[in-house]
Amino acid sequence: MARVSLIDEQDHPELSDLITRISGARGGRLLNIYRMMLHSPPVAGAWLDFNSAVRFQTELDGQTRELAVMRVAMLNGVDYIVRAHAAVYAIKEGLSAAQVDALADWRAASLLFSEKQRALLAYVDAMTRDIDVPDEVFDALRRHYSEREAVEITVLIGAYNMHTRVLKALKIDPEPETGKNT
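The sequence shown begins at 10 in our numbering and counts up one residue at a time.
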């Protein structure tokens, strides 16, 4: 059960422009995280803009993006983000079902992942678990990604650490029909 109420759009006509913008950007749906964010309209609008930029306006390929998002969600215990991204995005972006299934213990199944993907996953783990990333982990990432991509990966990981922690702290439930809240 959510720790704060979820805004019902019919009860807040003063938010209609923002709600239309959010739902338009999210495939016509007003996800529960946005229903919670609408308690602070400036935060809701900024959250949409920031997360849209981080996910959809970077030079990162879809596999890189989805591996990072799912791994952060796994490490932070937000299973429904993992499920939603695995079902909707990861396979579409070319990750195999075996890779998705092995992601929780990727080091044990390292042969399923390329050297580039392993460098990414090690970076996700270091940023999420330890925050202070060792030079050798960052250097391994940089062998495979440009400076721009390294910045975009870092911000993506940071964004999903924020995303998952907000969801957990406020106990925002996923939408019941899909389990989606990404």
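Backbone N, C-alpha and C fix where the C-beta goes; we use that ideal spot for every residue, glycine too. All values reported here derive from a predicted model rather than from experimental measurement.
Here's the rule: buried if 16 or more other CB atoms are within 10 angstroms of the residue's CB, otherwise exposed. What is residue i?
i, result
"His172", "buried"
"Ala178", "exposed"
"Leu129", "buried"
"Phe65", "exposed"
"Met10", "exposed"
"Asp139", "exposed"
"Ala168", "buried"
"Val52", "exposed"
"Pro143", "exposed"
"Phe95", "For the sequence presented, residue 95 should be read as Ala rather than Phe. The residue in question, Ala95, is buried, as its Cβ has 16 or more Cβ neighbours within 10 Å."
"Thr137", "buried"
"Glu23", "exposed"
"Gln108", "buried"
"Ala62", "exposed"
Taking C-alpha atoms, which residue in the options lies nearest to residue i?
i, options, result
"Glu68", "Ala107, Glu161, Leu179", "Glu161"
"Met83", "Gly103, Leu39, His94, Ala113", "Ala113"
"Ile193", "Tyr43, Ala107, Pro183", "Only positions 10 to 191 of the chain appear in this structure, which leaves residue 193 out of reach."
"Asn170", "Ala62, Arg80, Met45", "Arg80"
"Val146", "Glu75, Ile100, Arg127, Val97", "Arg127"
"Ile166", "Asp26, Asn85, Ala99", "Asn85"
"Ala55", "Ala77, Leu27, Leu76", "Leu27"
"Ile100", "Trp115, Leu76, Tyr89", "Leu76"
Going by DSSP, what residue range makes up the alpha helix (DSSP H) through residue i?
i, result
"Tyr89", "88-94"
"His153", "Premise fails: His153 is in no alpha helix (DSSP H) and is neither H nor E."
"Ser25", "25-34"
"Val78", "71-84"
"Leu104", "No alpha helix (DSSP H) contains Leu104, which DSSP labels as neither H nor E."
"Met45", "41-46"
"Pro51", "50-65"
"Asp134", "124-134"
Using a C-beta cutoff of 8 Å, does residue i count as contacting chain C?
i, result
"Glu124", "Absent here is chain C; the protein component of the structure consists of one chain."
Meets three-Cβ-pair contact criterion under 8 Å: the region 70-80 and the region 38-58: no
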